[in-house]
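Enquirer: Numbering (the UniProt record's numbering), first residue to last: 1 to 509. Below: one structure in structure tokens.
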């Protein structure tokens, strides 16, 4: 177990932050940073993350503590909960930045020449009932869109809106130095400007619940439009050294948090295994399945925001990249590399000289804005399944007569669709619902090898039981989806739908 412990005071802060809704962004909005953003633009993004990440982490800590069927009591689940709480504490304790008045005005001014940012659209692949995607704690079906319904006509107007927000618990000493971490106290640069360097403006005086237990019905009015929060163009000032220093320190903190959470996928999986053994259960229930979907989708979003910010601050400018987003991701090249990697793993696993052939039908010049690592991971996992099915149906000794696996890529008006077809025997209709279940596998489980703790991209050939459900989450993250159609006795077709418009916002649990 980790040595970290959650104190009562920290629990108060966690429940307070968990009372706020999360703010989703779209791939299209992230690309607006460009190849070489200014220090001021990066500072605005840092302010957004310094507010948004604690909210997302607090939601997960609270949920990890309230899991059904005693799952919260499993040692590995407690370990992950402590990781999230520790990262939350480090973020809210991060020293804020204090800047001269002219720099603060430059960061908060409404730019008349600024173009209109693209609107985030609801994620089309997530039904309204999934992940509580469009409801808040009180059943408000528009909770996640309220952030776009309170435009600020002037910077000073946020002071009025923050007055309806309940103050934090008594044990919570808010960050009011302009860091933007204190909901209802000071917005820093992501909302209204503070009157001076010590962040004295914007004190909350609302009369709502003050117990810190998260029951704040008017919390949604605090959120400002996302275009004022995550991305905003700034003037080409001679930014003072403390701006670069703040960005550098914050980036280092995010990198350390990302490293801490590297083993989260396999540690949670180990916790579920511990629970299954303690309950002598063969399969997990629908409630735990739904929680795993929410938890892993949230993890994808948190790691993506962190990875994007770290890349923007540390990587050299590249003509085709904005952070980790490739603006001209070549689908043919990414899929071809995934094919080669999957065949290599297959040949190594079965000690074969030559694995089943894979035919790729894809335009060589098909590009769109996407994260190559996400697409590579999805295709790699699905190809492993197809390769294994073909090998085990026809036998290892029949490698010269394996039927080919076909990968067809087409571009539509809204989606880029990838179809992977194999002749591996298909899946019985009764087993179709189980294939999306975590920890379900047709291969004998040997436990989770500690060698795979370093990254969720290093899964074995089979037996982990996470390939399909996680791949579907990666596809859904920016508005895509994953569908499977099996013909029992013949083979399986899997369809990967990728949103080529890049306008769908994150599905936030």
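Ideal Cβ positions, reconstructed from N, Cα and C, are used throughout, including at glycine.
Residue 262 by DSSP, collapsed to three states: which one?
Expert: Residue 262 sits at position 262 when you count from the first residue of the chain shown. Of the three classes helix, strand and coil, the one that applies to residue 262 here is coil, per DSSP.
Enquirer: Could you check how far apart the C-beta atoms of residue 496 and residue 473 are, in whole angstroms? I think they sit under 8 Å.
Expert: The count along the chain shown starts at 1 and reaches residue 496 at position 496. The count along the chain shown starts at 1 and reaches residue 473 at position 473. About 13 Å separates the two Cβ atoms, so there is no contact after all.
Enquirer: Mind checking residue 158: buried by the 16 CB within 10 Å criterion, or exposed?
Expert: Within the chain shown, residue 158 is the residue found at index 158, counting from 1. Because residue 158 sits at a pLDDT of 33, beneath the cut-off of 50, its placement in the model cannot be relied upon, and the point is left open.
Enquirer: Any idea what DSSP makes of residue 346, helix, strand or coil?
Expert: Taking the chain shown and counting its residues from 1, one reaches residue 346 at position 346. Residue 346 falls in the helix class under three-state DSSP.
Enquirer: Secondary structure at residue 364, three-state DSSP: helix, strand or coil?
Expert: Looking up residue 364 in the chain shown gives position 364. Reduced to three states, the DSSP call for residue 364 is coil.
Enquirer: Report back the beta-carbon spacing between residue 535 and residue 14 to the nearest angstrom; my notes put them in contact at under 8 Å.
Expert: This structure cannot settle anything about residue 535, because the visible part of the chain is limited to 1 through 509.
Enquirer: I want to know whether the segment 231-246 touches the segment 51-59 - three or more CB-CB distances under 8 Å.
Expert: These segments do not touch.
Enquirer: For the beta strand (DSSP E) containing residue 467, list its first residue and its last residue.
Expert: The residue given as residue 467 occupies position 467 in the chain shown. Segment 467-477 is the alpha helix (DSSP H) holding residue 467; no beta strand (DSSP E) there.
Enquirer: Closer than 6 Å: is that where the CB of residue 407 sits relative to any heavy atom of the ligand ATP?
Expert: This structure lacks the ligand ATP, and indeed carries no ligand of any kind.
Enquirer: Considering only the alpha carbon of each residue, which of 475, 419 and 501 lies closest to residue 494?
Expert: Here residue 494 corresponds to residue number 494 of the chain shown, with the count starting at 1. The shortest C-alpha separation from residue 494 is found at 419.
Enquirer: How should residue 252 be labelled, buried or exposed, when 16 other C-beta atoms within 10 angstroms of its C-beta is the threshold for buried?
Expert: In the chain shown, counting from the first residue as 1, residue 252 sits at position 252. Classification for residue 252: exposed.
Enquirer: Apply the 10 Å Cβ neighbour rule to residue 355 and answer buried if 16 or more other Cβ atoms are within range, or exposed otherwise.
Expert: One-based indexing of the chain shown puts residue 355 at position 355. Buried: at least 16 other Cβ atoms inside 10 Å.
Enquirer: Once DSSP output is grouped into helix, strand and coil, what is the label at residue 152?
Expert: By 1-based counting over the chain shown, the position of residue 152 is 152. Any reading at residue 152 must be qualified, since the residue scores a pLDDT of 29, below 50, and its modelled position is unreliable; the value itself is stated next. Correct three-state label for residue 152: coil.
Enquirer: By the 10 Å Cβ neighbour count, where 16 or more other Cβ atoms means buried, how is residue 298 classified, buried or exposed?
Expert: For the purposes of this step, residue 298 is taken as the residue at position 298 of the chain shown. With 16 or more Cβ atoms within 10 Å of its Cβ, residue 298 is classed as buried.
Enquirer: Just tell me which of 268, 306 and 302 has its CA closest to the CA of residue 288.
Expert: For the purposes of this step, residue 288 is identified with residue 288 of the chain shown, where counting begins at 1. Here the closest residue by C-alpha is 268.
Enquirer: Pull up the CB-CB distance for residue 402 and residue 357, whole angstroms please, since I reckon it's below 8 Å.
Expert: One-based indexing of the chain shown puts residue 402 at position 402. One-based indexing of the chain shown puts residue 357 at position 357. The Cβ separation is near 7 Å, so the contact holds.
Enquirer: Pair every Cβ in the segment 339-352 with every Cβ in the segment 381-393, then say whether three or more of these pairs are closer than 8 Å.
Expert: The segment 339-352 is in contact with the segment 381-393.
Enquirer: Do residue 509 and residue 303 have their C-beta atoms closer together than 7 Å?
Expert: The sequence position of residue 509 within the chain shown is 509, counting from 1. The sequence position of residue 303 within the chain shown is 303, counting from 1. No, they are not a contact pair.
Enquirer: How many Å lie between residue 348 and residue 432 at the Cα?
Expert: Reading the chain shown from its first residue, position 348 is the one you call residue 348. Reading the chain shown from its first residue, position 432 is the one you call residue 432. Between residue 348 and residue 432, the C-alpha separation is close to 28 Å.
Enquirer: Return the bridge partner residues of residue 408 from the DSSP annotation.
Expert: To locate residue 408, count along the chain shown from 1; it is residue 408. For residue 408, which the question treats as bridged, DSSP gives the partners 361 and 419.
Enquirer: Given this structure, state the Cα-to-Cα distance separating residue 188 from residue 52, to the nearest angstrom.
Expert: Here residue 188 refers to the residue found at position 188 of the chain shown. Here residue 52 refers to the residue found at position 52 of the chain shown. Reliability fails at residue 188, whose pLDDT of 38 lies under 50, so the model's placement of it is uncertain and the value that follows must be treated cautiously. So the two alpha carbons sit approximately 13 Å from each other.
Enquirer: For the beta strand (DSSP E) containing residue 492, list its first residue and its last residue.
Expert: Stepping through the chain shown from its first residue, residue 492 is reached at position 492. Counting along the chain, the beta strand (DSSP E) containing residue 492 begins and ends at 491-499.
Enquirer: On the three-state DSSP scale, how would you describe residue 209?
Expert: In the chain shown, counting from the first residue as 1, residue 209 sits at position 209. At residue 209 the pLDDT is 40, less than 50, meaning the model places this residue with poor confidence; the figure from the coordinates comes in the next sentence. Residue 209: coil per DSSP, three-state reduction.
Enquirer: Mapping the DSSP letters down to three states, classify residue 322 as helix, strand or coil.
Expert: On the chain shown, residue 322 is found 322 positions in, with the first residue counted as 1. Here residue 322 sits in strand by DSSP.
Enquirer: Can we say the segment 327-340 touches the segment 359-374, given the rule of at least three CB pairs closer than 8 Å?
Expert: With the cut-off at 8 Å, the segment 327-340 and the segment 359-374 touch.
Enquirer: Does the separation of the CB atoms of residue 271 and residue 87 fall below 7 Å?
Expert: Here residue 271 refers to the residue found at position 271 of the chain shown. Here residue 87 refers to the residue found at position 87 of the chain shown. Their beta carbons are not under 7 Å apart, which means residue 271 does not touch residue 87 by this criterion.
Enquirer: To the nearest angstrom, how far is it from the Cα of residue 113 to the Cα of residue 507?
Expert: Here the question's residue 113 lines up with position 113 in the chain shown. Here the question's residue 507 lines up with position 507 in the chain shown. Reliability of the predicted coordinates at residue 113 is poor, the pLDDT of 45 falling under 50, and no value is obtained from them.
Enquirer: Between the C-alpha atoms of residue 79 and residue 64, what's the straight-line distance to the nearest angstrom?
Expert: As a first step, residue 79 must be located in the chain shown, where it is residue number 79. As a first step, residue 64 must be located in the chain shown, where it is residue number 64. Their Cα atoms are separated by approximately 10 Å.
Enquirer: List the whole-angstrom C-beta distance separating residue 391 from residue 350, where the pair is believed to meet the contact cut-off of C-beta under 8 Å.
Expert: Residue 391 sits at position 391 when you count from the first residue of the chain shown. Residue 350 sits at position 350 when you count from the first residue of the chain shown. Their Cβ separation, rounded to whole angstroms, is 6 Å, which keeps residue 391 and residue 350 in contact under 8 Å.
Enquirer: Helix, strand or coil, according to DSSP, for residue 277 in the structure here?
Expert: Mapped onto the chain shown, residue 277 falls at position 277. Helix.
Enquirer: What do you get for residue 103, buried or exposed, if any count of 16 or more other CB atoms within 10 angstroms of its CB means buried?
Expert: In the chain shown, the residue the question calls residue 103 occupies position 103. The residue is buried, with at least 16 neighbouring Cβ atoms inside 10 Å.
Enquirer: Answer with buried or exposed for residue 10, where buried requires no fewer than 16 other C-beta atoms within 10 angstroms of its C-beta.
Expert: In the chain shown, the residue the question calls residue 10 occupies position 10. That one is buried.
Enquirer: Check whether the segment 368-382 and the segment 309-329 touch, using three or more Cβ-Cβ pairs below 8 Å as the test.
Expert: A contact exists between the segment 368-382 and the segment 309-329.
Enquirer: Closest by CA to residue 479, which one among 71, 238, 256 and 416?
Expert: Working through the chain shown from its first residue, we reach residue 479 at position 479. If we check each option's Cα against that of residue 479, 416 comes out closest.
Enquirer: Does the segment 65-73 come close enough to the segment 22-39 to have 3 or more Cβ pairs within less than 8 Å?
Expert: No, because fewer than three Cβ pairs between the segment 65-73 and the segment 22-39 fall closer than 8 Å, the two stretches do not touch.
Enquirer: Any idea if residue 277 is buried or exposed, counting beta-carbon neighbours within 10 angstroms, 16 or more meaning buried?
Expert: Here the question's residue 277 lines up with position 277 in the chain shown. Label assigned to residue 277: exposed.
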